[in-house]
Each structure stands twice: as C-alpha cells, then as structure tokens.
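Q: If you scroll down you'll find the structure; I have some questions about it.
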Ligand SMILES: [Mg+2]
C-alpha cells in the first residue's frame, strides 16, 4: 500500500468517526437525525483519531543510510534511505568540488543515521550550528542537499508535495528561463515554449574584459545583446549575467550601454564579496540587479537586502541552505519588495526543489533551468508558454529513472581556468 493511500485511509477513518457535520466544521449541529455532537466529544474523537493517524502515518522512522552518486555532467545526487522504505532525494554539490562535498555529506552520517528524518528544521540547525565553523560553500552545499532529501522524505511520508507543507500552493505553474547566448538559440528556445532567457557568460566579447574598457569593447557587448533582443522580441525577457567577472569600472560602462535594450536583470555585475561595490552599481542604474548564487544562508542575503545591492535574489537551493533556508530568504526579501529567482545550472533534483519553493512563496519571479529532467527522471517537465506545471506528486514530486541514468554515473568534471589574453594573468570566468 502506498504512503498516500495509508494517509487517505487514516483521514477517512478519522473524519468518518466524526460524521459529516464535523467534516464541515459544524460542531454541535444535528446531522441526518443523529444527536448533536458535543464539543468535548468532538475534541476527544479528534485527539484519538489524531494520535492513531500519527502512529500509522508518522509512526517511527529512522534514517538508515546516505547514498551518494556522481552523475554526469558534473552533479552529485544524494539518496537518504529510511527503514520505512522511503528514499529522499537531494543534490548537494559545489560545481568542480563534487568529491569534497561528497565527503562533507558522508561526515554527517554519524549524526543522521538512526534519527527520524522528519524533524527537518531541527536537523538543519544541528548540522549547521554544531559544525562550529558556520557556512561557506562546501558545508552549506552539503547541508542544502541533505535538507532537500529530508523535505522529500517528509512529503512522501505524508503523501503531499513539499509546497503543501510550506503553506502552498501560491501558484499552479512556474515560469522558467533558458540559457541562450546567440540569436539562433533564442529562436530555438522560443520555439520550444520559453519566453525568458539569460545570456552570458562573463566572456561577453571575444576577449576577457579589462579593468576599464574602451568604447569598442563596450559597444560590441551592447550590440550583441541588441541582436538577442531582436531575436526574442520586445515581449520576451532576457537577463544578462556578468558572472562576477567584470571589474566595477567596466561594469558601470556596460550597464549604461545596455540600458536602452532593457535587460530583465543584470546578474552579478561584480563579485558579491564586497556588497557595497554592488550596491553602488545598483544605485547608478534603473535596471534591476540580481545576485545570489554565491551567497549562503539568511545571513548572507541580509546584507544584500539591507544595502539594496539587488532586488532579484537568486539563492541556489543546492548552495544557500536548501528549501528550509530558501523559504526564510524569500520572507526576508518580501520585506524589501525583492523577488526570488532560484539559481540552478544543475540537475533535476535542484530544479524540483526550486519549483517546490516557488509554489509556496508569494514573491517568485522565474526559475533557472538547464535540464527539464530528460534522461534523469521518469516524468520530465514540459514548458508551455514560458511555464511548467507544478508537479503534484509527493515530496519533491520527481522519481529518478535509474535505467535512463545508468550511462550517466560517474564524472571527473573540472572547473575551467582562465587567463588574460594579453599578459597571461589570472582572470575570473
Ligand atoms: Mg550567474
């Protein structure tokens, strides 16, 4: 019997004992000639049925094993196994450091194995705070994947999508955007149903940018973006990602040159380590600044919001602290009239986590994706008029297709190395 069937049976038994009046919230009302239900009886029945439901649906459950899979092209999937047979999926990864994060996740097994997986926030707090050295990309990414898997288990145990547990749905479909770096790709993706795009990466020209740029470089970038705008049309959205690889002086020049083309956002106009530098760029333009893929937890996003450095926050749910932290960051953002566009150049579990978050917050903008799950999950998402439907399955709403993934296990992905064209010095990419 499936978990969702167990849950439905329990609820039917519980509410059946109360009668239709109780189901409709009509305590004390006579129904079908039966005696009115007394409030104390109602409460007792609810308590009894509730404890039975808790025993059967929640019962006792323990984490038995953490399983990690390197998955092509550069991902790391986590399966948290339980003695109830429920398996939770997560995607703990720092791109280029899969083995490092794998070790960090394995080191949490000593804490997690034997614990009930459903105390999600409690485990988040324990893993984050007991590390003593808080945060950072490796530990927070390990925690992020674990958090996703724990939410997946909790949703599957209760037979509901994660967004239901977070108070959703706040929407029934989520807008997604595609990467498109040439007019041809924009047209191709538009034909597939996308209405929002992002271009980049940082090498916006045929060479790496300098500390301060000349008019030819700046005009070339603006012209290239203008070609994308022409291909997309004025009713589509195109963001541009500077990838934190542009120095503040050049970033200011490029932002001004791009303004006539109305990009949806300027992403990481500069590195985010000096938030004041990004805030200064934000104050110098009417365009919207986006950032967040290299910012971790509520504490990282607090400074971005307080200094008004960006109005589009892009927490990566595989780096920033998972679904638990994503929900809290969204709440903080709402107070600053900022919106959430989950960053995701990763796999289908990351995408599923982003959609669950998006379906439970009011201030969602657009979800990044590079794969709708083809070749990895049993039911890949489908884009229609720029949106994907919110999955209704329990937990994260996806099932891995182990057969389709068989030829994708294992990788040795390495991050790129970039050097200045003229003098060979190290540059950001
Ligand atoms: Mg980016």
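In the working numbering, the protein residues as written are -14 to 414. Idealized CB from N, CA, C, for every residue including glycine.
(1) With distance defined between alpha-carbon atoms, name the residue in 296, 287, 262, 139 nearest to residue 44.
(2) Looking at residue 314: is its Cβ nearer than 8 Å to the Cβ of residue 155?
(3) What beta strand (DSSP E) runs, 3 residues minimum, are completely inside the segment 111 to 197?
(4) Any heavy atom of ligand 1 closer than 7 Å to the beta-carbon of residue 407?
(5) Under a three-way DSSP split, which group does residue 372 fall into?
(6) With respect to 7 Å, is the separation between the Cβ of residue 222 and the closest non-hydrogen atom of ligand 1 below this value?
(7) DSSP puts residue 352 in a beta bridge; with which residues?
(8) Kindly indicate which residue of 251, 243, 257 has the alpha-carbon position closest to the one of residue 274.
(9) Tell me whether residue 54 sits in a helix, a strand or coil according to DSSP, three-state version.
(10) Report the option in 228, 393, 328 whose CA atom is closest to the CA atom of residue 61.
(11) I want to check one thing, is the minimum distance from the CB of residue 252 to the heavy atoms of ligand 1 below 7 Å?
(12) If you draw a straight line from the alpha carbon of residue 222 to that of residue 245, how long is it in whole angstroms?
(13) How about residue 233 and residue 280: do their beta carbons lie closer than 8 Å?
(14) Nearest CA to the CA of residue 110: which residue from 131, 98, 123, 91?
(15) What are the start and end residues of the alpha helix (DSSP H) that includes residue 203?
(16) In three-state DSSP terms, what is residue 308?
(17) State the Cα-Cα distance for the pair residue 383 and residue 412, rounded to the nearest angstrom.
(18) State yes or no: is the C-beta of residue 80 nearer than 7 Å to some heavy atom of ligand 1?
(19) Closer than 7 Å by C-beta to residue 355: which residues in its own chain qualify, once you throw out the five before and the five after it? Chain order, please.
(20) Confirm the yes/no value for this check: CB of residue 420, any heavy atom of ligand 1, distance under 7 Å.
(21) Mind reading off the beta-carbon distance from residue 106 to residue 309? Whole number of angstroms is fine, and I expect it under 8 Å.
A: A quick look at the data gives this:
(1) Out of 296, 287, 262, 139, 139 has the C-alpha closest to the C-alpha of residue 44.
(2) With respect to residue 155, residue 314 sits apart: the two C-beta atoms are not nearer than 8 Å.
(3) Along the segment 111 to 197, the beta strand (DSSP E) occurs as fully enclosed runs of 3 or more residues at 158 to 164, 181 to 184, listed in sequence order.
(4) Because no heavy atom of ligand 1 lies under 7 Å away, the Cβ of residue 407 does not count as near it: no.
(5) In the structure shown, the three-state DSSP call for residue 372 is strand.
(6) In this structure, residue 222 has its beta carbon at no less than 7 Å from each heavy atom of ligand 1.
(7) Beta-bridge pairing links residue 352 to 161.
(8) Here the closest residue by C-alpha is 251.
(9) Residue state, collapsed to three classes: strand.
(10) By alpha-carbon distance to residue 61, the top candidate from 228, 393, 328 is 393.
(11) Taking non-hydrogen atoms of ligand 1 into account, the C-beta of residue 252 is found less than 7 Å away from one of them.
(12) Those two C-alpha atoms are separated by around 14 Å.
(13) Not a contact, by the Cβ cut-off of 8 Å.
(14) Minimum Cα distance to residue 110 is reached at 131.
(15) Where residue 203 is concerned, the enclosing alpha helix (DSSP H) starts and stops at 200 to 217.
(16) Helix.
(17) About 39 Å.
(18) Every heavy atom of ligand 1 is 7 Å or more from the Cβ of residue 80, so no.
(19) In its chain, beyond the 5 residues on either side, 164, 330 have a beta carbon closer than 7 Å to the beta carbon of residue 355.
(20) The question about residue 420 has no answer, for the chain in this structure spans -14 to 414.
(21) That pair is a contact at about 6 Å.
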